[in-house]
Amino acid sequence: MFIEKATASDLPESWKKVRLAEARFLRAYFYSLLWTYYGGVPIITDVLNLSEQGDAVFRPRNTSEETADFIISECAAIAPDLPVSAASGRATQGAALTLQGSCELFNAGALKNPNNDLSRWEKAATTFQKVIDLNKYDLFPDYATLFFEENNNNVEVIFSRQHLGGTSLANYVGQIGPRFVNGSLTGWGHLDPTQDIVDEYAMANGLPITDPASGYDPQKPYVNREKRFYESIVYDGSEWLGATMIMKQGVGSLNATDLNNSSISTRTGYYVRKMVNPKYAGAMDNGNSANFIIFRYAEVLLSYAEARNEASGPDQSVYDAVNAVRERSDLPDLPLGLNQADMRKAILRERRVELAFEDKRLPDLLRSRLAEVKLNGTVHAIKIDIVGGNTVYTVVPAGGGAKAFDPAKNYLLPIPQYAIDVNPQLEQNPNYE
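Quick note: the sequence shown uses our numbering, first residue 23, plus one each step.
Put into structure tokens, the structure is as follows:
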């Protein structure tokens, strides 16, 4: 409706051009969420009026390909009409191009591109290169405070959802912070990192813990890990709000790993530190004005590296993009001479660690058709005991049972039944009854 009314208005053309592009960006963004999780959906570009149009307002689903083309073409069309810089929370050229590239990357993965058409990867790489060439963005130097309110809209942020403390729009990030500090409830701990994500963090020397040369000791698992680990995870023996966090069994700690979820403490032996500002760690505190970052430059670099590696192999630009992200965590450059498969593995590990807890993991698993591998089976936790005066770390299955992902249907979510009841032209996704 805004697009229709603003287009027909006599408002200044310069104002209309930007506002219309912003509206189309938001429409494309929300369509991208639907497309990612449901596949093709009805593409609506006119104003619907049930009282005037009757059942004509109910449209069938467009195909997945048509929906993807709509989103991508919209982003390409509006990018030139958007400014490079804008007020907080408004769309920019960088935001439109990043959304376009993200959809092109999803469209290039095995889920949407089973024959591995390399031109799709090339399109994504080209779009992400355009974001880089804007020379607008850079990596914020401090990963630990990148997400705090005092650094809202910093040089790395491309698009973020704005929050305002003290209102209903506050960021309740304390819900994911550690639960108990010195016996007092300070957070809800609603998100417990698994042992599986913890194992993805490299050693300080840049080697994965599975490499015999890394120096990793499973009985000293938190020694000499990369910086992002310490900036992202609260673990046994780490400091939080001036207290030492204890996840050990048998010492009376309220934070001891609880596989049965009977004490409402961590079920994995870990809490999230990333994005949780200590000054807003109180469970009921709504003063936090930290924005939630939807797109940031580190993701652009890693997405460019992945697309370019898949399109034409690990050239120097791929190394440069990945190494820039690693450098912030004080990791050494990737070794030279990696083949495409080894570089792919390195990039996917960087994405998982760098973008952890930012709502990026599930889309990555879906587009690459790795969900049936990673989302089936056992989730792991750490159980820590004192045996003979020594601390013993044991990786165990986390509480809650094994995960189940059915590749025959779960790469798409089911269309809600209430939507089908309203619009009978909507067809359900395959294999849902």
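The beta-carbon is built from N, C-alpha and C at its ideal position, and this holds for glycine as well. Given the structure is predicted, the values throughout are model-derived calculations rather than measurements.
Between the Cα of aspartate 160 and those of Asp342, Tyr319 and Asp233, spot the shortest distance and give me the residue it belongs to.
Ranking Asp342, Tyr319 and Asp233 by Cα distance to aspartate 160 puts Tyr319 first.
The alpha helix (DSSP H) that contains asparagine 84, what's its start and end?
That residue, asparagine 84, is in no alpha helix (DSSP H); it is neither H nor E in DSSP.
Residues in its own chain within less than 8 angstroms of arginine 348 by CB, not counting five upstream and five downstream?
Within the same chain, Cβ atoms closer than 8 angstroms to the Cβ of arginine 348 are found at Gly228, Pro354, Asp355, Leu356 and Glu372, the five residues on either side in sequence being excluded.
Nearest neighbour of valine 375, chosen from Val444, Ala312 and Tyr165 [CA to CA]
For the residues Val444, Ala312 and Tyr165, the minimum Cα distance to valine 375 belongs to Tyr165.
Quick one: measure Cβ to Cβ for aspartate 221 and isoleucine 231, integer angstroms, because I've assumed they're closer than 8 angstroms.
Taking the Cβ atoms as the reference, aspartate 221 lies roughly 6 angstroms from isoleucine 231, within the contact range of under 8 angstroms.
Neighbourhood of serine 384 by C-beta distance below 8 angstroms, restricted to the same chain and skipping five residues each side:
What sits at residue 384 in the sequence shown is leucine, not serine. Excluding the 5 residues flanking it on each side, leucine 384 has same chain C-beta neighbours closer than 8 angstroms at Ala393, in chain order.
Quick check: the segment 198-214 against the segment 235-252, are there 3 or more CB pairs under 8 angstroms?
No: the two stretches stay apart, fewer than three of their Cβ pairs being nearer than 8 angstroms.
For lysine 382, tell me which candidate among Ala78, Phe317 and Ala45 has the shortest Cα-Cα distance.
In this structure, Phe317 is the residue among Ala78, Phe317 and Ala45 with its C-alpha nearest to the C-alpha of lysine 382.
Check serine 36 in the structure and name its three-state DSSP category.
The answer is helix: DSSP assigns serine 36 an H, G or I state.
What number of angstroms, rounded off, separates the C-alpha of glutamine 75 from the C-alpha of glycine 422?
Their Cα atoms are separated by approximately 49 angstroms.
Helix, strand or coil: how does DSSP classify lysine 158 here?
Reduced to three states, the DSSP call for lysine 158 is coil.
On the criterion of 16 or more Cβ atoms from any shown chain inside 10 Å, does phenylalanine 128 qualify as buried, or is it exposed?
With 16 or more other Cβ atoms within 10 Å, it is buried.
So which of Thr400, Val153 and Ala303 has the shortest CA-CA distance to asparagine 193?
The residue with the shortest Cα to Cα distance from asparagine 193 is Ala303.
Exposed or buried, arginine 183, counting other C-beta atoms within 10 Å across all chains shown (16 or more means buried)?
Arginine 183 should be labelled exposed.
Note down, in chain order, each residue of its chain lying with its Cβ closer than 8 angstroms to the Cβ of glutamate 449, except the 5 sequence neighbours on either side.
Excluding the 5 residues flanking it on each side, glutamate 449 has same chain C-beta neighbours closer than 8 angstroms at Pro82, Arg83 and Ile437, in chain order.
Check for me: the alpha helix (DSSP H) holding serine 339 runs from which residue to which?
338-350 is the span of the alpha helix (DSSP H), which, as asked, contains serine 339.
The alpha helix (DSSP H) that contains alanine 327, what's its start and end?
Counting along the chain, the alpha helix (DSSP H) containing alanine 327 begins and ends at 319-334.
Quick test of the definition: if touching needs 3 or more C-beta pairs under 8 angstroms, does the segment 118-136 touch the segment 47-57?
Touching, yes, given that three or more Cβ pairs across the two stretches are closer than 8 angstroms.
Contact belief for serine 95 with glycine 62 at Cβ below 8 angstroms, rounded distance in angstroms
Glycine 62 and serine 95 do not touch by the CB rule: their CB atoms are close to 15 angstroms apart, not below 8 angstroms.
Touch test, the segment 254-265 against the segment 287-300, Cβ-Cβ under 8 angstroms, three pairs minimum
Enough Cβ pairs lie closer than 8 angstroms, so yes.
Determine the burial state of isoleucine 286: buried for a count of at least 16 other Cβ atoms within 10 Å of its Cβ, exposed for fewer.
By the 10 Å Cβ count, isoleucine 286 comes out exposed.
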